[in-house]
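For the record, in the sequence shown the residue sitting at position 7 is 23 according to the numbering used here, with numbers rising by one throughout.
Backbone N, C-alpha and C define an ideal beta-carbon position, used for all residues, glycine too.
Nothing here was measured: the structure is a model prediction, and the numbers come from that model.
Beneath this line is the structure, given in structure tokens, with notes to follow.
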Amino acid sequence: MFYKWPHGRLIRVIAMIVALVICADIGWNGAWGRFHLYLEGAEQARQGLAAAGNPTQQLIWGCIYATIAVAVLAAGLVLAGVHKRSVEFLIAVEQEMTKVVWPTGSALWRATLIIGITMVVLALGIFLVDLGIYSGLNALYRIGSSF
């Protein structure tokens with residue numbers, strides 16, 4: 017069923033989960049939101065109240081979002097599972113990730129500390145330059161307003 021399934025299993029499962037999350041988001045926020053508006057509009061129309069929007073338009077948009085959600089899910093499963101080029105890419109990504117040398121805790125702490133100190137020094141330098149420019153412009157303004 018799946019092209020070269022045991023290879024790159026972790027990254028492929030992650031890709032399928034991402035497709036599922038995107039599908040769920042489009043389905044919940046897009047399709048269900050529009051269907052809910054359709055149902056509210058139809059109920060208001062039955063009660064003789066003025067609907068906030070056109071219920072038929074909300075139904076059409078809900079169907080469009082539902083179709084997009086199903087298409088995203090199908091595309092994600094196909095690309096992460098059976099499409100040859102994308103599967104080989106995901107397998108290569110996982111193989112490259114095994115070659116990465118991750119830093120130790122102490123090296124990570126030192127690098128984080130150096131970056132933090134550098135950010136503080138740069139922020140202080142920018143502040144001082146900005147303060148100098150502001151003071152200079154204020155001095156010029158005072159000189160110009162005295163004439």
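The segment 36 to 52 in contact with the segment 72 to 81 per 3-pair CB rule at 8 Å: yes
Closest residue to Y81 among N45, L124, Y150 (Cα-Cα distance): In the sequence shown, counting from the first residue as 1, residue 81 sits at position 65. That would be N45, whose Cα lies nearest to the Cα of Y81.
The segment 124 to 135 contacting the segment 77 to 97, beta-carbon criterion three pairs below 8 Å: no
Under 8 Å between C-beta atoms of I27 and E110: Walking along the sequence shown from the start, residue 27 turns up at place 11. Walking along the sequence shown from the start, residue 110 turns up at place 94. For I27 and E110, yes; Cβs fall inside 8 Å.
Integer-rounded CB distance, given that I38 should sit under 8 Å from V88: Taking the sequence shown and counting its residues from 1, the one referred to as residue 88 is at position 72. Taking the sequence shown and counting its residues from 1, the one referred to as residue 38 is at position 22. Correct: roughly 5 Å between the Cβ atoms.
8 Å Cβ cutoff met for A40 and G78: Start at 1 with the first residue of the sequence shown, and residue 40 comes out as number 24. Start at 1 with the first residue of the sequence shown, and residue 78 comes out as number 62. No, the Cβ-Cβ distance between A40 and G78 is not below 8 Å.
Alpha helix (DSSP H) segments (min. 4 residues) lying fully within the segment 85 to 150: Within the segment 85 to 150, the runs of alpha helix (DSSP H) that reach at least 4 residues and sit entirely inside it are, in chain order, 100 to 115.
Spatial distance of L144 from L138 (CA atoms): Counting from one through the sequence shown, the residue named residue 144 turns up at place 128. Counting from one through the sequence shown, the residue named residue 138 turns up at place 122. Rounded to whole angstroms, L144 and L138 show a C-alpha spacing of 10 Å.
Buried or exposed (CB count within 10 angstroms, at least 16 for buried), A90: Taking the first residue of the sequence shown as position 1, residue 90 is located at position 74. It is exposed - the Cβ of A90 has fewer than 16 other Cβ atoms within 10 Å.
Simplified DSSP state of F51, which is helix, strand or coil: To locate residue 51, count along the sequence shown from 1; it is residue 35. The answer is helix: DSSP assigns F51 an H, G or I state.
Where A108 falls, given that 16 or more other Cβ within 10 Å makes a residue buried: Locating residue 108 in the sequence shown gives position 92, where the first residue counts as 1. Exposed: under 16 other Cβ atoms inside 10 Å.
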